[in-house]
């Protein structure tokens, strides 16, 4: 398709018929039904939000950030992760990873769009944001830097993808490198959003800005396994196996580093004994979402399986990556919730109540529907991309 | 141009909550327990009946501390939170995008969402109401039956608040965070 000087090489058979004409295997049908169900939830969730505003969410004065912030982070971390994996081939020139570059860069565009779609219904005034982000920029705000840099990052990712589609590897490398750097800056600023909170001692400090980059890479590899498993229906050729074995080895190292980071974070928090920080850390390690979600699903299961199988069973890693992604979701959810666990006012303010101990939060059905809707949007856009573009490596 | 602050003789507080009511009435704050610009914190008396330690049932009236180095102002992505000419930390509701970052960054939980404008609201030291009419007291100060609060210009050496801070011991809440609050608790 040509629009002036812009040439977008769509697949020749791209049409409504090709979109609906997917192979009707049980797995494909399941994914299609799930996608449609999630999209329907998105519509219902957004309609509820438009009618009731933030009252449709379970966020409160003490817990102003809820599930949608966690899901936004989940998507943008996925985007940065895809960008890092995609850059291994087309920016850094690792030949074995070239075959996933185009698919991963497209994944990074799709996931960040899903993230933006979700956050648009959490920010109270998204249009005002676009206006005053430019007219009255708050340069001391990590949110301003994060949002602005993500906008620039998305632009670079789209341009890089365009050049990848047109097999212009030299320009793709330039835009890919700049996009990667901007993406990493944006992503560490997202960690900084939490790191700058000196009122929240559990999150304050350098940990999150660096941890976000590490977990983005891990997320990118988990997602790469999932999309490649789906693409090749678990029948990988030798070249793909080489790619996935390489990614599995990197992943093992990265998870080991993450476990090291997390262990020391908890040790210093608990045994450091800083008021507010120590008791929050103890509360966290006693929560199921941390132990079973983050540690077991996000780290231990994928790590142990890869070690025990000595990086030879790539089909298994597709499934452990799906488990890992559930763990990654809990990492994002816990990050947001744990930051707000400790009440800032320690005295009671109403009669007939007890002084606050921990701030409670559980997402409302509207928040859950919009979040799943974001996932549905992501799946739909990715599927449309696979139908419209050739995401495989061209020779 | 002034630098407004408030001194609180908090041990005189009897938790009558007249200040909370006056604030809502004067500034048109929404009804509802969650929607408050100021509040009175209370500790339950320690011990068991009948041996209750009455002195432990302290009351601590509080509100936005109008910090000189306000974390809420630093984190605002659109400069909706700003210092006015009197050093009062204010919110420009036209610029507020309700990202709620300020609510998370404020160490004093002094901010809430006004459902009418869907923006963040907080104490303004009655800048839009009483001070705008030329009065020199805030609603919470004016109504207090035990005269807990003294409001005034910290830069004016002749003001009552400056005199109080010169002559009385005082402390600030969470001052270790480096926020330089302008609310002072007299001991």
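Chains as they are written, first to last, in the working numbering: chain A, 1 to 395; chain B, 396 to 582. Virtual Cβ for every residue (Gly too), placed ideally from N, Cα, C. Just so we're clear, the structure is a prediction, and the values are computed from it rather than from any experiment.
- Residues of chain A whose Cβ lies closer than 7 Å to the Cβ of residue 466/B are, in chain order, 198 and 199.
- According to the DSSP assignment, residue 514/B belongs to the beta strand (DSSP E) that extends over 514-516.
- A Cβ of chain B is located within less than 7 Å of the beta carbon of residue 129/A.
- At least one C-beta of chain A is nearer than 7 Å to the C-beta of residue 438/B.
- The alpha-carbon of residue 86/A is positioned some 16 Å away from that of residue 215/A.
- Residue 500/B and residue 397/B have their C-alpha atoms spaced approximately 26 Å apart.
- Along the region 475-494 of chain B, the positions whose C-beta sits under 8 Å from a C-beta of chain A are 475, 489, 490, 491, 492, 493 and 494, read in chain order.
- By the Cβ-count criterion, residue 443/B is exposed, with fewer than 16 other Cβ atoms from all chains shown falling within 10 Å of its own Cβ.
- For the pair residue 90/A and residue 246/A, the CB atoms are not nearer than the 7 Å cut-off.
- Residue 81/A and residue 490/B have their C-alpha atoms roughly 33 Å apart.
- In the structure shown, residue 520/B falls within a coil segment according to DSSP collapsed to helix, strand and coil.
- According to DSSP, residue pairing for residue 2/A in a beta bridge involves 7/A.
- Per the coordinates, the alpha-carbon of residue 283/A lies some 26 Å from the alpha-carbon of residue 219/A.
- The C-alpha of residue 60/A is placed about 12 Å away from the C-alpha of residue 364/A.
- With respect to chain A, the C-beta atom of residue 471/B has a partner C-beta closer than 7 Å.
- Below the 8 Å Cβ cutoff, chain A contributes 53, 54, 124 and 125 as neighbours of residue 513/B, in chain order.
- Within the region 94-162 of chain A, there are no complete beta strand (DSSP E) runs of at least 3 residues.
- Only 144 and 147 from the region 144-165 of chain A bring a Cβ to less than 8 Å from some Cβ of chain B.
- When the beta-carbon positions are compared, residue 534/B and residue 421/B come within less than 7 Å of each other.
- Neighbours of residue 572/B across chain A, judged by C-beta separation under 9 Å: 198 and 199.
- In this structure, the alpha-carbon of residue 532/B lies about 8 Å from that of residue 547/B.
- If you draw a straight line from the Cα of residue 204/A to the Cα of residue 210/A, it is about 13 Å long.
- Residue 340/A and residue 131/A have their C-alpha atoms some 29 Å from each other.
- The continuous beta strand (DSSP E) containing residue 435/B extends over residues 434-437.
- Contact with chain B is found for residue 140/A, since one of that chain's Cβ atoms lies less than 7 Å from the residue's Cβ.
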